[in-house]
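Asks:
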Amino acid sequence: MLNSSVYQNSSRFAIEYMNEDIKIAEKLVKEGPLSEASFQKIKLAYSGRLFSVGFEVRTLLYIGILLLSTGLGVLVYKNIDSIGHLAVILFIAAISFTCLGYCYMKRKPYSNEKVVSEKMLNDYILLLGCLTFVTFTGYLQYEYAVFGNFNGIAILLPAILFFALAYLVDHLGVLSMAITCLAAFVGITITPTELLQKNDFSSRDIIFSGLALGAFLLAIAAILSSRNIKKHFKFTYFNFGTHLLFVSCLAGMFCFDSWLLFFALLIALVSFSLWHANKDKSFYFLLFTVLYGYIGLTYLIFRILEKMPGSLSLSIAYIYVIGSSSMIILFLISTGKKFKKNAGI
Amino acid sequence: MLVYSKSFFDNFYTLQKAKEWLKSGFISDSEYDIIFKHYPNPYKSFNIFGRIALFLFTLFILGSGTGLINVMFSIVDFYRYITFQCFFFGIASYILAEVSVRKMNFFRTGIKEALLYTAVGSLTLGIIGLITNNNYDFNGDPLVYLLCVLPVLVFAAIRFADTLLSFGVFICLLLINALLILKMGTFGKLILPFECMAFSFLLYYLLGKLKTRGELHYWKNCMGLIEILTLIALYLSGNYMVVRKLSEALLNTEINSGEDIHLAIFFYAYTILVPLVYIWIGLKRKNYVFFRIGLLLEIAGILAIKYYHHILPPETAMMLGGIVVILIAYFSIKYLKTPKHGITFELYKRSGREEALANIANVVISTVVANQPVAPKQDSGVEYGGGQFGGGGAGAGY
């Protein structure tokens, strides 16, 4: 699985200190811990290592595709009158369906476990197919209003397709795109065009739909992973869901008069998220939960301090910041040590 | 000279190497466990997220502490004595930084960095205050300010082996050099590009000499960073766009269309050819630094010249550029199907840290909400295979 002949020192800067590494290995062998066999493996890797330009070449390929497609897009856009919408739409649809069809046919059979695809090229094709599909539906709706007044359907279709695709082909990137499309759908549906034009965002609806969508994502993740269906998707769902929930909750706190209610909700969210972070031993979740909670708490305190006289409230504010920051630092350090294995990235 | 104890530092590097070798499969789990017990590493380190969070919170504490003390002493109008405050708080945070390393064994926590940078900043301001007699308008000679900053930066960078401060030191040296040359009047302005090239090359050469001295390996990250910076500076001194912009600014001339700066041809050639030389050296010496910097600078150079000479409309240029780049990539892959000259197309096994960073990039990119969600950046961590480009985190357990 590992190609030890292509080994690169992961420290980006200290590339010329291979001799140092060998010296360390020698010291380890002399003092006991390192076995002779491992030492030989290390020496072999260092001596026979090849210079890998793979990363750069792949990036060049990616940039090239990006340049080409952007240039093409702009060219088409500028000459749209002479080419005609129908021709463009058919062309985009053709690309999309070919790419997606190719990926669908080349996929490995479905399993509830993780499925790793073989060729790197498939990823590019999948990417191209998905992007063009979204362009296709959006263009269709914009130009011909195929879905009538329901603008949201133009983004719901890609969402459904991407969800299906993500599970069929086992691809986290497509899953992320699916969730993003879903969120966009929810956002677009609850914002009728008139409100957009009048610049009067009914923030209440957005916030509640954010909460609902976040909860929905978490629920799906819990149900699916408890049935052992693609457990590795759980992190993505939880990631999006938790962030969405927290942001909506904080937005509710900032915008509404009933901020106490939202603060109670925040406390509930923080507790749940801390429990989840502890269960999964994930420092990442712990960290941003603490940060969101801190933002909420600070907002509350400052709101209260606003109503107090000048210099006293300033001092209290300073003391609060010092106190709370110290507590957070101590908390992070201690739990960081508990999660030590994952904390040392 | 180094604030860290050398034996601890050595242990830290040993453990780091062992972890790498474990990930690459050279050593076994049991060997790693023995090494872990054998070389106690009391240093506290955190991952990049935690460090940023701790850094910010430490800054909050320092800022609030300063504010609080000011409020407490507001009767005496403490805020008038800025220079005194700078020194007071600068020395206080510096002492805290030293204590945190020596007594509490902090290494890569954000806390020590926050304390150190605050100390450096405050002390610098204090010195500036002393020299300019409490005049904080900053309209004096920039050379004076830079000379105030330099000793503090150098001391802190060396003592704490800090890469960010090394970056600052380098920028300082560069600017001081440029300003000194410019003091020579018009002659100075004319030779500025060439002098900067020579200066960067000199620094690179000196750095090369330093790197061969093994006892300085504690500072290898700093030296590596400065090496990269000298190469970039060497290029930028002769980059067409930089030279032209500086000429316009310094010589107060307007360059009309059809005209060009002195020795324009030399700078055009320099802009395009030098990165190619870097790439060549990189491939020849199997050195990633030269290779990657060469690639990036070549792109920068092409863009710089395009900025001034619009040969093609942008979309055609993009398409042609795209086709050229794809062809280069394609033929490289074809040519390197079997490794030649010790160069291969296969991917190396990335360390955990780079994988994590790539995943973060994916998460960020994949949350663009629009009618056109952008797919995450493609990067395979497994060798020569497709894989998941992980949006929303392909790695479990951060």
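Just so you know, the protein sequences line up as chains G and U, in that order. Counting from 235, one number per residue, gives the positions in the first sequence under the working numbering. Counting from 640, one number per residue, gives the positions in the second sequence under the working numbering. Built from N, CA and C at the ideal position, the CB exists for glycine as well.
With the cut-off set at 7 Å, would you say G:I556 and U:S703 are in Cβ contact?
Replies: yes
Asks: Using CA atoms only, rank isn't needed, just tell me which of U:L855, U:F694, U:P790 and U:R719 is closest to U:F745.
Replies: When only C-alpha atoms are compared, the closest one is U:F694.
Asks: Let me know if U:I830 comes out buried or exposed under the rule of 16 or more other beta-carbons within 10 Å of its beta-carbon.
Replies: exposed
Asks: Run through chain G and tell me which residues come within less than 8 Å of U:V710, C-beta to C-beta.
Replies: S545, L548, S549 and Y552
Asks: At the 7 Å Cβ level, is U:D692 part of the contact set with chain G, yes or no?
Replies: In the sequence as presented, Asp is not what sits at residue 692 of chain U; that position holds Ala. Closer than 7 Å to some Cβ of chain G, the Cβ of U:A692 qualifies, so yes.
Asks: For G:L302 and G:C364, what's the separation of their Cα atoms in angstroms?
Replies: 17 Å
Asks: My understanding is that U:S805 touches U:I767, with C-beta atoms under 8 Å, so please give their C-beta distance in whole angstroms.
Replies: That pair is no contact at about 21 Å.
Asks: Give the interface partners of G:E290 over in chain U, defined as CB-CB distance under 8 Å, in chain order.
Replies: F930, R931 and L934
Asks: Rank G:I529, G:K515 and G:K513 by C-alpha distance to the C-alpha of G:I501 and give the top, closest one.
Replies: G:I529
Asks: Threshold first: 3 residues or longer. Then list the beta strand (DSSP E) segments lying entirely within the segment 450–494 of chain G, N to C.
Replies: none
Asks: How is the beta strand (DSSP E) around U:R747 delimited, first residue to last?
Replies: F745 to R747
Asks: Taking 8 Å as the threshold, find out whether the segment 517–532 of chain G comes into contact with the segment 475–492 of chain G through three or more Cβ pairs.
Replies: yes
Asks: Residues of chain G with CB closer than 7 Å to the CB of U:K925, please, in chain order.
Replies: F285
Asks: Tell me, please, whether the segment 265–275 of chain G touches the segment 910–922 of chain U by the rule of three or more beta-carbon pairs shorter than 8 Å.
Replies: no
Asks: DSSP three-state label for U:S644, please.
Replies: coil
Asks: With a threshold of 7 Å between beta-carbons, can G:L447 be considered close to chain U, or not?
Replies: no
Asks: For U:L641, which residues from the same chain have a beta carbon less than 7 Å from its beta carbon, with the 5 sequence-adjacent residues on both sides left out?
Replies: R798, A800 and Y857
Asks: Kindly list, in the order they appear in chain G, the residues whose Cβ is closer than 7 Å to that of U:F840.
Replies: What U:F840 touches in chain G: nothing, since even the nearest Cβ is about 18 Å away.
Asks: Which partner residues does U:K683 have in the DSSP bridge list?
Replies: Answer by DSSP bridge pairing, in chain order: U:F745.
Asks: Pull up the CB-CB distance for G:G570 and U:G689, whole angstroms please, since I reckon it's below 8 Å.
Replies: 6 Å
Asks: For U:W660, does the count of other Cβ atoms within 10 angstroms reach 16, so buried, or fall short, so exposed?
Replies: It counts as buried.
Asks: Short of 8 Å in beta carbon distance, which residues of its chain neighbour U:V1008, apart from the five on each side in sequence? Order them along the chain.
Replies: For U:V1008, the predicted model reports a pLDDT of 29, less than 50, meaning its position is unreliable; a value from the coordinates is still stated below. Excluding residues within five positions, none has a Cβ falling inside 8 Å.
Asks: Any idea what DSSP makes of G:S286, helix, strand or coil?
Replies: strand
Asks: Could you confirm whether any beta carbon from chain G is found closer than 7 Å to the beta carbon of U:I666?
Replies: yes
Asks: Determine whether the Cβ of U:T910 lies closer than 7 Å to any Cβ atom of chain G.
Replies: no
Asks: Less than 7 Å between the C-beta atoms of G:F367 and G:S330, yes or no?
Replies: yes
Asks: Only counting the same chain, and skipping five residues up and downstream in sequence, which positions put a Cβ closer than 7 Å to that of G:K340?
Replies: N356
Asks: By the three-class DSSP mapping on this structure, what secondary structure does U:K619 have?
Replies: The question about residue 619 of chain U has no answer here: the residues shown for chain U are numbered 640 through 1037.
Asks: Spell out whether any CB of chain C is found under 7 Å from the CB atom of U:V759.
Replies: Annotation note: the requested chain C is absent from the structure, which comprises protein chains G and U.
Asks: My assumption, with CB atoms under 8 Å, is that G:E290 sits in contact with U:R931. Please give the rounded CB distance.
Replies: 7 Å
Asks: Is U:L951 close to chain G, meaning its C-beta is less than 7 Å from at least one C-beta of that chain?
Replies: no
Asks: So, helix, strand or coil for U:N778, using DSSP?
Replies: coil
Asks: Give the residues of chain U in contact with G:L416, contact being defined as C-beta atoms less than 7 Å apart.
Replies: Within 7 Å Cβ-Cβ: nothing; G:L416 doesn't reach chain U, min ~10 Å.
Asks: Please classify G:H405: does DSSP put it in a helix, a strand, or coil?
Replies: coil
Asks: Assign G:I563 to one of two classes, buried (16 or more other C-beta atoms within 10 Å of its C-beta) or exposed (fewer than that).
Replies: buried
Asks: One question on the structure: do U:A795 and U:V740 come within less than 7 Å of each other, judged by their Cβ atoms?
Replies: Cβ atoms of U:A795 and U:V740: not closer than 7 Å.
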